[in-house]
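K.L.:
Number of protein chains: 2
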Amino acid sequence: MVAPLKVGIAGLGTVGAEVVRLIETQARVLSGRSGRGIRVVAVTARSKAKKRGIDLRGVEWAKDPMALATHPEVDCFVELMGGAGDPALSAVEAALNAGKSVVTANKALLAKHGLKLAKAAEKHGGALNFEAAVGAAIPVIKTLREGLAGTGINRVYGILNGTCNYILTRMEQEGLSFAECLKDAQRLGYAEANPSFDVDGHDTAQKLAILASLAFGTKVAQGAVYVEGISSIAPEDLRAADDLGYRLKLLGVAVRTAKGIEQRVHPTMVPKSSSIAQVMGVTNAVTIDGEGIPPITLVGPGAGGAATASAVVADIADVARGIRANPFGRPIAQLHETKKAPMERHEGGYYIRLLARDFPGTAARIATRLAEQKISIESIVQRHPNGGAAPADGKAVPVPVILITYATHEDAVRRALAAVQKDKVISGRPQVIRIEKN
Amino acid sequence: MVAPLKVGIAGLGTVGAEVVRLIETQARVLSGRSGRGIRVVAVTARSKAKKRGIDLRGVEWAKDPMALATHPEVDCFVELMGGAGDPALSAVEAALNAGKSVVTANKALLAKHGLKLAKAAEKHGGALNFEAAVGAAIPVIKTLREGLAGTGINRVYGILNGTCNYILTRMEQEGLSFAECLKDAQRLGYAEANPSFDVDGHDTAQKLAILASLAFGTKVAQGAVYVEGISSIAPEDLRAADDLGYRLKLLGVAVRTAKGIEQRVHPTMVPKSSSIAQVMGVTNAVTIDGEGIPPITLVGPGAGGAATASAVVADIADVARGIRANPFGRPIAQLHETKKAPMERHEGGYYIRLLARDFPGTAARIATRLAEQKISIESIVQRHPNGGAAPADGKAVPVPVILITYATHEDAVRRALAAVQKDKVISGRPQVIRIEKN
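Sequence order for the protein chains is H and U.
Per our numbering: the first sequence = residues -7 to 430.
Per our numbering: the second sequence = residues -7 to 430.
1. Helix, strand or coil for PRO64 (chain H), going by three-state DSSP, please let me know.
2. Rounded to the nearest angstrom, what separates GLY420 (chain H) and GLU228 (chain H) at their Cα positions?
3. What does a CB cutoff of less than 7 Å around GLU123 (chain U) pick up in its chain, not counting 5 residues either side in sequence?
4. Please report how far the alpha carbon of SER368 (chain H) lies from the alpha carbon of ASP234 (chain H), in whole angstroms.
5. Hey, out of U:LEU107, U:ARG231, U:GLY106 and U:GLY215, whose CA is closest to GLY193 (chain U)'s CA?
6. Going by C-alpha distance, which of U:VAL12, U:THR279, U:LYS264 and U:SER265 is nearest ALA246 (chain U)?
7. I believe GLY237 (chain H) touches PRO263 (chain H) by the beta-carbon criterion, under 8 Å. Please report the beta-carbon distance rounded to the nearest angstrom.
8. Only counting runs of 4 or more residues, tell me where the alpha helix (DSSP H) segments fall wholly within the segment 169 to 210 of chain H, in order along the chain.
9. Taking the Cβ atom as the reference point for each residue, do LYS111 (chain H) and ILE315 (chain H) lie within a distance shorter than 9 Å?
10. Using a Cβ-Cβ cut-off of 9 Å, state whether ILE151 (chain H) counts as contacting chain U.
11. Give the straight-line distance between the Cα atoms of GLY221 (chain H) and HIS116 (chain U), rounded to the nearest whole angstrom.
12. Measure the CB-CB distance between THR260 (chain U) and LEU240 (chain U) and report whether it falls below 9 Å.
13. Tell me, please, which residues DSSP counts as bridged to GLY292 (chain U).
14. Could you work out which residues of chain A lie near GLN18 (chain U), taking near to mean beta carbons separated by less than 8 Å?
15. In this structure, does DSSP put TYR158 (chain U) in helix, strand or coil?
16. Check the C-beta distance from VAL84 (chain U) over to LEU109 (chain U) and give it rounded, since I have them as a contact under 8 Å.
17. For the segment 26 to 33 of chain U and the segment 97 to 108 of chain U, state whether three or more C-beta atom pairs, one from each stretch, are separated by less than 8 Å.
18. I'd like to know if the segment 396 to 405 of chain U and the segment 336 to 356 of chain U are in contact, where contact means that at least 3 CB-CB pairs between them fall below 8 Å.
19. Could you list which residues in chain U have their beta carbon closer than 7 Å to that of ASN157 (chain H), in chain order?
20. So which residues on chain U does ILE253 (chain H) lean against when the C-beta distance must stay under 9 Å?
21. CB-CB under 6 Å to MET73 (chain U), same chain, minus the five flanking residues each way: which ones, in chain order?
22. Which residues of chain H have a Cβ atom closer than 7 Å to the Cβ of THR289 (chain U), listed in chain order?
23. What in chain H is Cβ-close to GLU138 (chain U), meaning under 9 Å?
24. Quick check: the segment 359 to 367 of chain H against the segment 401 to 417 of chain H, are there 3 or more CB pairs under 8 Å?
25. Against chain H, which members of the segment 160 to 194 of chain U pass a CB distance test of less than 8 Å?
26. Along the alpha helix (DSSP H) that carries GLU228 (chain U), what are the first and last residues, could you check?
27. GLY321 (chain H) touches chain U at which residues, Cβ-Cβ below 8 Å?
28. One question on the structure: do THR330 (chain U) and VAL257 (chain U) come within less than 9 Å of each other, judged by their Cβ atoms?
29. Are PRO205 (chain H) and VAL212 (chain H) close, meaning C-beta to C-beta below 9 Å?
30. Using the C-alpha atoms, what's the distance from HIS105 (chain U) back to VAL517 (chain U)?
31. Beta carbon of MET272 (chain H): closer than 8 Å to some heavy atom of the ligand GDP?
32. In chain order, which continuous runs of the alpha helix (DSSP H) of length 4 or greater are located wholly inside the segment 346 to 420 of chain U?
33. Specify, as a first and last residue, the run of the alpha helix (DSSP H) that LYS104 (chain H) falls within.
34. With a cut-off of 9 Å, does the C-beta of THR210 (chain H) fall near any C-beta of chain U?
35. Can you check which of these residues, H:THR210, H:ASP67, H:LEU60 and H:GLY75, is closest to GLY91 (chain H) by C-alpha distance?
36. Applying a beta-carbon distance threshold of less than 7 Å, which residues of chain H neighbour ASP14 (chain U)?
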């Protein structure tokens, strides 16, 4: 029997403690699957005194992450502290430079420094595994890195943030406002006190940058992702989506286009019949379009201590089995530069919601402005707020108008709407939501 | 650079030809991902003369599968002939006994001889990979074998046969009979001229036996699977399912129970809100319930040349990378015997459809018979065929009665229905369909 793999764990929050517990309780299955034992030999965390409900007798307490990362007894350094900077960054780098393998759940670190870390792993021969960084226990990293090794990929897209999907689901099902649903999500622990990282799309962008690198061989770069959050979404958008056969989701989309790899995060209309449209609440999902094959969709918990720990332990088991994959699927030399998607050149259908000041004349004007930009309209819906009856005071009430366009360029849409606004025939700013076809 | 992996392919149908094509067109990505080249050095098939649209210049034509399997130049034998017996069986065995790795898409071979083949792989150190055998390009084997390596599994279930799901989807959406939909499926190439293997559940059973072994460490054994097909399903069952909040799917279910591992294939009512219920047409899906984590569902094409070839090539790439997993996730010594699930001890909810001869008296009688067996009724629906109006001739017309039970034992249901039949208050045989909760 080979000597057991000796693991050091930095960070003993919910995930870290669950990893310790799984390694102990699943020892027999793990050694059966890996061909060798797995043993936690040292740990570190901010507070040594904290009660965690796990047995750490016989496990060394390292004085800090760096000491653990370079500990001579540790074969595999497990980083569960989080954060794109130190101490996580320097500890992970030190472990890789010492030829150790690293397992991490840290999407921020990978989105920002993934390339540098992958270089260190490649140079010194250690593994750099991060299944838990995207979609927790959903095996999306493994699927892109290994499961579709021989298949060209055209598009990867998904619901990568449970907070946003929870909010959009509640808004859709109960007709509530964004603010109300956010408050509920905070109360239930699905959203942070400062929700911006989630609801403004940055969490999704970090995860998407990682998936894009694996799918397309781009150098992982969060800055290359176009990002729009969900705070402008109104209940009427969700109602209109439903009427028109769509659901509204915050998607991260990475897609091969004639102009290069487009990476974008934004509220998106998806056909109700698509697998991704069925995903409700905090659940995550990723769809992969491989060349010549129908889409593959992976659905499951995108967060949570047990789900994240499950992925971390599977990554450790891969290290134990001696698997050394290229962190981003290809050797560093084969990864190529990523440019930020020029969204003005994005091609697709659009949902546009306007408040027309005086319907008959306005409709004609909007149609003209769209036609000037060669935008074809697939459908147009308008609903008089009070069933079409003239208001008692005789004043014109703004009428919501909803347009669905055929595929067009985003700059055409922007130009047409700027012209409409200049015409002063609408109230407020138009709502524009991209449509993603399956 | 390491020497390329030399591959021999037996069977050059749609899948085999696509594998040859992918290895050539994806050469750069494959060698980037695997760290070495992959080269097809020899092939064999029934007809050498057949046009296949692939370039086989420079590739040796082996005289038969056995010659290819034992060819000194071949490192990895790819078996795409199909069939549980020879020539596939003896060729795969010979390759493994010669220390070569084997990649196969042959579910029948694995369901029947998987244990013996895994033993040969374990003894001689070759890999035995079969991602394509279940759910084609859906990475379910890899997910069970590696992705959930440290997570205990409570249940695996799925839609594993596209033919059946296509038929049930058409029946549901168009109110057609089983026979009509089968005929259409045959016309469209989704069903064989002799459809029994698919519609009677045997294809699903073979795949389920493989999944159960990976999930629970059982010795793979098709004979341990209880099997029921879909030919008795009537349009009224699909209508009733819809009314009651369910969809009807042919599921393969492997589940850990107090009495051991239950493996069963049968038409199943699944809650409309479950991920599996959303899967329509020829698409396949598998849901995995891990201990302490929400379900993970993998959805995608379960068949087709390109999807199957994608999985075969990924398996070859794993061999090239030097990955040697235990074929069924654990060493042979850790696999345990499987007993056939005693379905009379199955516990769950039931859907029962009866034709009551004379409604008021019959309902009371049925209720009594169920109560005698301590079966609680969750709901009861009856619809008079002509809106409740008495038929013109005054004769009693049989009335369909649909019952949903709370969880109970199957033998209790069988005893209750036998008593009802003996009472002669119903016409024909009762329809009984198991309910699977998510």
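The C-beta atom is built at its ideal place from N, Cα and C for all residues, glycine as well.
Please read all numbers here as calculations on a predicted model, not as lab measurements.
P.N.:
Let me spell this out:
1. coil
2. 15 Å
3. PRO131, ILE133, LYS134, ALA303, ALA306 and ASP307
4. Rounded to whole angstroms, the separation of the alpha carbons of ASP234 (chain H) and SER368 (chain H) is 22 Å.
5. U:GLY215
6. Measuring C-alpha to C-alpha distances from ALA246 (chain U) to each of U:VAL12, U:THR279, U:LYS264 and U:SER265 identifies U:THR279 as the nearest.
7. Between PRO263 (chain H) and GLY237 (chain H) the Cβ distance is about 6 Å, and since that is below 8 Å, they are a contact.
8. 170 to 179, 188 to 191 and 194 to 208
9. No, Cβ-Cβ distance for LYS111 (chain H) and ILE315 (chain H) is not below 9 Å.
10. no
11. 55 Å
12. yes
13. U:ASN276
14. The structure shown contains no chain A; the protein chains it does contain are H and U.
15. helix
16. 6 Å
17. no
18. yes
19. In chain order: nothing, as chain U lies at least about 13 Å away.
20. Those within 9 Å of ILE253 (chain H) in chain U number zero; the least Cβ separation is about 15 Å.
21. ALA2, GLY3 and ALA80
22. VAL291 and GLY292
23. ARG25, PRO131, LYS134, GLU138, ALA306, ALA309, ASP310, ARG313 and ILE315
24. The answer is yes - the segment 401 to 417 of chain H touches the segment 359 to 367 of chain H, with three or more Cβ pairs under 8 Å.
25. none
26. Secondary structure note for GLU228 (chain U): its alpha helix (DSSP H) is the uninterrupted segment 227 to 235.
27. GLY24 and ARG25
28. no
29. Residue identity check: residue 205 (chain H) is Ser in the sequence provided, not Pro. It is a contact, given that the beta carbons lie within the stated cut-off.
30. Because chain U here runs from -7 to 430, residue 517 (chain U) falls outside it and cannot be looked at.
31. Questions concerning the ligand GDP fall outside what the structure shown contains, since it holds no ligand whatsoever.
32. Within the segment 346 to 420 of chain U, the complete alpha helix (DSSP H) runs of at least 4 residues are 351 to 364 and 402 to 414.
33. 99 to 116
34. no
35. H:ASP67
36. This sequence places Leu at residue 14 (chain U); Asp is not what is there. Going along chain H in sequence order, the residues near LEU14 (chain U) (Cβ under 7 Å) are GLY142.
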